[in-house]
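Here is the structure we will look at.
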Amino acid sequence: MQQETIHIKSNLPLKEKRSVLSGLSEDIWAVIIGGSLVAIILAIAFFVNDFKFTTPVYQWANGDELLSKVLTGKNILLLTGIGLAFFVLSSIAVGATGVKNYIGGFAIIFVLAILSLIIAGNRTINYYGIEYVVFALLTGLLLSNFFHLPAWIIEAARSEFFIKTGLIILGTSILFTDIVKAGLPGILQSVLVVAAVWFFALWLSRKLKVDDEFGVILASAVSICGVSAAIVASGAIKGDKKKLSYVTTLVLLVAIPMLIILPWMIKELGIPEIVGGAWLGGTLDTTASVTAAAELVGPAATKAGVIVKFSQNVLIGVAAFFIAAWWVMRKTEIKEGQEKPSLKLIWERFPKFVLGFIAASLIFSFLIPAATSKQVAEC
0 MQQETIHIKS NLPLKEKRSV LSGLSEDIWA VIIGGSLVAI ILAIAFFVND FKFTTPVYQW
60 ANGDELLSKV LTGKNILLLT GIGLAFFVLS SIAVGATGVK NYIGGFAIIF VLAILSLIIA
120 GNRTINYYGI EYVVFALLTG LLLSNFFHLP AWIIEAARSE FFIKTGLIIL GTSILFTDIV
180 KAGLPGILQS VLVVAAVWFF ALWLSRKLKV DDEFGVILAS AVSICGVSAA IVASGAIKGD
240 KKKLSYVTTL VLLVAIPMLI ILPWMIKELG IPEIVGGAWL GGTLDTTASV TAAAELVGPA
300 ATKAGVIVKF SQNVLIGVAA FFIAAWWVMR KTEIKEGQEK PSLKLIWERF PKFVLGFIAA
360 SLIFSFLIPA ATSKQVAEC
């Protein structure tokens, strides 16, 4: 798989750096497309009176609900429309010369992604906090290791481009107002916990002879919000996708036993419900696992855990900015022997999609009405 991927990249030297259509960087295209999708939804929300967004349904409990709620004509039509919209926008960035091959490859990847969401939407799977990423990752591993995939499918699997675009959209749901609601204690715990865990995890990684690229992705995942933070960190440092897959797998696998063991420990040790919920929010890496574990403790624990986790999630944008800047300076020093890289060089190498993520978060935190922000984020 690795050799085949390298071969394809050599045939498409501009794939990750330049769009064959206009020469714009991949980061800029991610910002343009992600921003366009958000702008379109915002325009509809503002100018169409009483318009209600219809979101796809993925939740089901049994075979009957799968057929009656998820696999209905209306839901499939909605998913098809979403796929077509993103295909049209993304194909512009991919470039006119690759659209013919891109159509089939994109369709297959989109269907596999939807299937992962549907599997994760099962009530039992959702109860245990197992996210769709697990099934998407397993599907990719099975296909890449047991089947010979044609080049046109691998060419369409533009993981960095999709991740960057998705992170721009993710910024609309990561609101600084969440941490403001938690007050000064919430702000302090978020900054201190995230910083302490991040630096300790990176230090431990180095002690265990883990390279810094792997260490940064892992430290970001365990200190902030799991998979999302790992993806942001990997994108910010242009990390190896195999290492990102390893970290994602570790985070999700560790979360499963923890969300069962920690609630049991809280009850056995007689920890107050609110304190226990806060502990879960600061310890478990993913928001889904925090919610699932806290519900096993009680409603007060759920509220406290979600507040703590949300206040940490807010820092994902700030962390991405500093990680990207630190990585650019570090790499420049190593490769070019410069003690103080120029601001121009840092800007040239700085991943622009990080700024798009932060901009989306700030706009939706302070400029967009809360009701509209919530409605758009649900889309």
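Be aware that the sequence shown starts at 0, since it is given in numbering that gives the first Met the number 0, and climbs by one per residue. We put the CB at the ideal spot given by N, CA and C, even for glycine.
Tell me whether residue i sits in a helix, a strand or coil according to DSSP, three-state version.
| i | result |
| --- | --- |
| N100 | helix |
| P298 | helix |
| T54 | coil |
| G139 | helix |
| G170 | coil |
| Q2 | Confidence in Q2 is poor, its pLDDT being 36 and thus under 50, which makes the residue's placement too unreliable to answer from. |
| R329 | helix |
| F146 | coil |
| N48 | coil |
| T71 | coil |
| I31 | helix |
| T285 | coil |
| G280 | helix |
| A358 | helix |
| E338 | Residue confidence is low: E338 scores 49 on pLDDT, short of 50, so the model does not pin down where it sits. Its coordinate-derived value is still stated next. The answer is coil: DSSP assigns E338 none of H, G, I, E or B. |
| P368 | coil |
| P350 | coil |
| A324 | helix |
| F363 | helix |
| G381 | As shown, the chain starts at 0 and ends at 378. That puts residue 381 outside it, with no answer to give. |
| E64 | helix |
| V133 | helix |
| A106 | helix |
| A194 | helix |
| V313 | coil |
| L88 | helix |
| A38 | helix |
| Y126 | helix |
| S158 | helix |
| S115 | helix |
| S24 | coil |
| A95 | Caution is warranted here: a pLDDT of 43 is assigned to A95, below 50, making its placement in the model unreliable, and the coordinate value is therefore given only provisionally. Of the three classes helix, strand and coil, the one that applies to A95 here is helix, per DSSP. |
| T290 | helix |
Is the Cβ-Cβ distance between residue i and residue j less than 9 Å?
| i | j | result |
| --- | --- | --- |
| A318 | A229 | no |
| L249 | S233 | no |
| L88 | I32 | yes |
| A155 | N74 | no |
| G170 | F321 | no |
| L268 | V307 | no |
| S288 | L258 | yes |
| S364 | Q188 | no |
| L174 | S360 | yes |
| Y57 | A119 | yes |
| V246 | L283 | no |
| W59 | I117 | yes |
| L166 | V231 | yes |
| D211 | R329 | yes |
| I102 | F86 | yes |
| I39 | F52 | no |
| V305 | A293 | yes |
Give me whichever residues DSSP pairs with residue i in a beta bridge.
| i | result |
| --- | --- |
| W263 | Beta-bridge pairing links W263 to no other residue. |
| N121 | W59 |
Is there at least one Cβ from chain B nearer than 9 Å to residue i's Cβ?
| i | result |
| --- | --- |
| T71 | Of the protein chains in the structure, only one exists, and it is not chain B. |
If residue i sits next to residue j, beta carbons under 8 Å apart, how far is it from one beta carbon to the other, in whole angstroms?
| i | j | result |
| --- | --- | --- |
| L41 | I168 | The Cβ separation is near 12 Å, so there is no contact. |
| A323 | K163 | Rounded, the Cβ-Cβ distance is 12 Å, inconsistent with contact. |
| A300 | G281 | That belief does not hold up - the Cβ atoms of A300 and G281 are roughly 13 Å apart, past 8 Å. |
| V221 | A235 | The pair is not a contact, with the Cβ atoms about 16 Å apart (cut-off 8 Å). |
| Y127 | I255 | 6 Å |
| L412 | P262 | Summary: the structure shown does not reach residue 412, with the chain confined to residues 0 through 378, and so no result is reported for it. |
| C224 | T286 | 6 Å |
| P298 | D26 | At roughly 42 Å, the Cβ-Cβ gap does not stay under 8 Å, so P298 and D26 are not in contact. |
| A92 | F160 | 7 Å |
| F109 | G82 | 5 Å |
| A112 | A135 | 6 Å |
| A303 | I260 | No, A303 and I260 are not in contact; Cβ-Cβ is about 19 Å, not under 8 Å. |
| G104 | I152 | 5 Å |
| P55 | L76 | Their Cβ separation, rounded to whole angstroms, is 10 Å, which puts P55 and L76 out of contact at 8 Å. |
| F142 | L148 | Residue 142 is actually Leu in this sequence, not Phe. Going by Cβ atoms, the distance from L142 to L148 rounds to 6 Å, so yes, they are a contact pair. |
| S158 | K240 | 6 Å |
What do you reckon, is the C-beta of residue i under 8 Å from a heavy atom of the ligand GTP?
| i | result |
| --- | --- |
| G34 | Inclusion of the ligand GTP in the displayed structure is not the case, the ligand content being empty and no account of it being possible. |
Sequence ranges, alpha helix (DSSP H) only - wholly within the region 200-261, length at least 4
211-219 and 226-235
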